[in-house]
Each structure stands twice: as structure tokens, then as C-alpha cells.
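Each residue of the sequence shown is one higher than the last, beginning at -18 in our numbering.
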Amino acid sequence: MSTYILSHRPDLDIIFLRWLRPDTLAEAQFSYRDTLALALKHNCSNWLLDSRRSGPLDLAETAWLTREFFPAAVAQLAPRPLRLAVFSSMQRLEQMRTDAAVAPVVQAAIAATQPYEAAVFIAEAEAVDWLQAPAA
């Protein structure tokens, strides 16, 4: 059984990556690489990452995404800007705010200094609206 569902909505110009359960680092890496392949196929740089069921934040995964995967994806998707709307559970949002090990890593991952735009949402409609608004 797959750990995620991946789809492209051309009417919204958004790639949706929805995790179905907590995953390993290798499974997460595979899902992100699969997402990039779909994004390149459709020339789509707006991604909604539905992490509500993916379990607690993982430092190794966040570091890999921030340092390696997202910068590489930015280069491959250029000149379109990579925009990431993270649809989060309240538990993950709380972990982002209060876990002393996780909070600074997440803040660095979504900082305005990154070569991509990222924001965290607890409502899917807000995430979609943000992705459809003009890039900052």
C-alpha cells in the first residue's frame, strides 16, 4: 500500500501530495521525488503538501528537504517559483511551535530567505487560496 496520494489539478495549477500515514525518511524522499517528476511533467510549481496524517515532524527529513531537495527543485522548476503550502494537523503545528529541537529547523525551512516560498495552514481552503494568489 502506498504511503501517499499524488495528483495534479490543472484547473487550480496545483500539485497535491497527501500522505496517508506516517512514513520513513526513504518513503518521504520517494514521495517528494515523485512530486517533482509530476510537477516537471505539468510545469507546475504550486504544491499543497497535506501532512496531517504523516506523523510527527522528523528532523532528518526537514533538513534534507531544506538543504537538498527544495533548492534542487527550485533550480529544475525555474523560472517558475516553487511555492509550498503545508496543510498541517494541530499536533504538528503545536510541535512546530513548542518542540525545542524542531521549532528552529522548521522556522529556517519556511524563512523568507529560502529560494522558495512556504507557509503552513490548518485549513485546506486557505492553503489553496494562498497558492493561487500572486507570488510575493
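Just so it is clear, CB atoms sit at the ideal spot from N, CA and C, and this is done for glycine as well.
None of the values given here were measured: they were computed from a predicted structure.
- prompt: Just how far apart, CA to CA, sit Val83 and Phe68?
  reply: Here residue 83 corresponds to residue number 102 of the sequence shown, with the count starting at 1. Here residue 68 corresponds to residue number 87 of the sequence shown, with the count starting at 1. Approximately 17 angstroms between the Cα atoms of the pair.
message: Using CA atoms only, rank isn't needed, just tell me which of Gly36, Phe(-3), Ala9 is closest to Cys25.
response: Locating residue 25 in the sequence shown gives position 44, where the first residue counts as 1. For the residues Gly36, Phe(-3), Ala9, the minimum Cα distance to Cys25 belongs to Phe(-3).
- request: For Ala100, write down the residues that DSSP places opposite it in a beta bridge.
  value: Counting from 1 along the sequence shown, the entry for residue 100 is found at position 119. Ala66, per the DSSP bridge assignment.
Candidates Asn27, Asp4, Thr5, of which the one nearest Ser(-12) by Cα: As a first step, residue -12 is located in the sequence shown; it is residue number 7 there, counting from the start. The candidate whose alpha carbon is nearest that of Ser(-12) is Asn27.
query: Under 8 angstroms between the Cβ atoms of Tyr13 and Val55?
result: Against the sequence shown, residue 13 aligns to sequence position 32. Against the sequence shown, residue 55 aligns to sequence position 74. In this structure, Val55 does not lie closer than 8 angstroms to Tyr13 by Cβ.
- prompt: Excluding five sequence neighbours on each side, which residues of the same chain lie with their C-beta closer than 6 angstroms to the C-beta of Ala99?
  reply: As a position in the sequence shown, residue 99 is number 118, starting the count at 1. Only Leu65, Ile91 meet the Cβ criterion.
message: What would DSSP say about Asp(-8), mapped onto helix, strand or coil?
response: Position 11 of the sequence shown, counted from the start, is the residue given in the question as residue -8. DSSP places Asp(-8) in coil when its eight states are reduced to three.
message: Using beta carbons (cut-off 8 angstroms, strictly below), is Leu29 in contact with chain C?
response: Of the chains in the structure shown, none is chain C; there is only one protein chain.
message: I need the boundaries of the beta strand (DSSP E) containing Leu29, first residue and last residue.
response: The residue labelled residue 29 in the question sits at position 48 within the sequence shown. First-last of the beta strand (DSSP E) with Leu29: 27 to 31.
message: Give me the residue from Ser(-17), Ala104, Ser35, Leu40 with the minimum Cα distance to Arg2.
response: Residue numbering aside, residue 2 sits at position 21 when the sequence shown is read from its first letter. Ranking the options by Cα distance to Arg2, first place goes to Ser35.
task: Quickly, what does DSSP pair Trp0 with across the bridge? List them, please.
output: Residue numbering aside, residue 0 sits at position 19 when the sequence shown is read from its first letter. Beta-bridge pairing links Trp0 to Tyr(-15).
- prompt: Of the choices Asp31, Met77, Gln57, Arg(-1), whose alpha-carbon is the least far from that of Ala18?
  reply: By one-based count along the sequence shown, residue 18 stands at place 37. Nearest C-alpha to Ala18: Gln57.
task: From the DSSP output, in three-state form, read off Ala93 for me.
output: On the sequence shown, residue 93 is found 112 positions in, with the first residue counted as 1. Coil, per DSSP.
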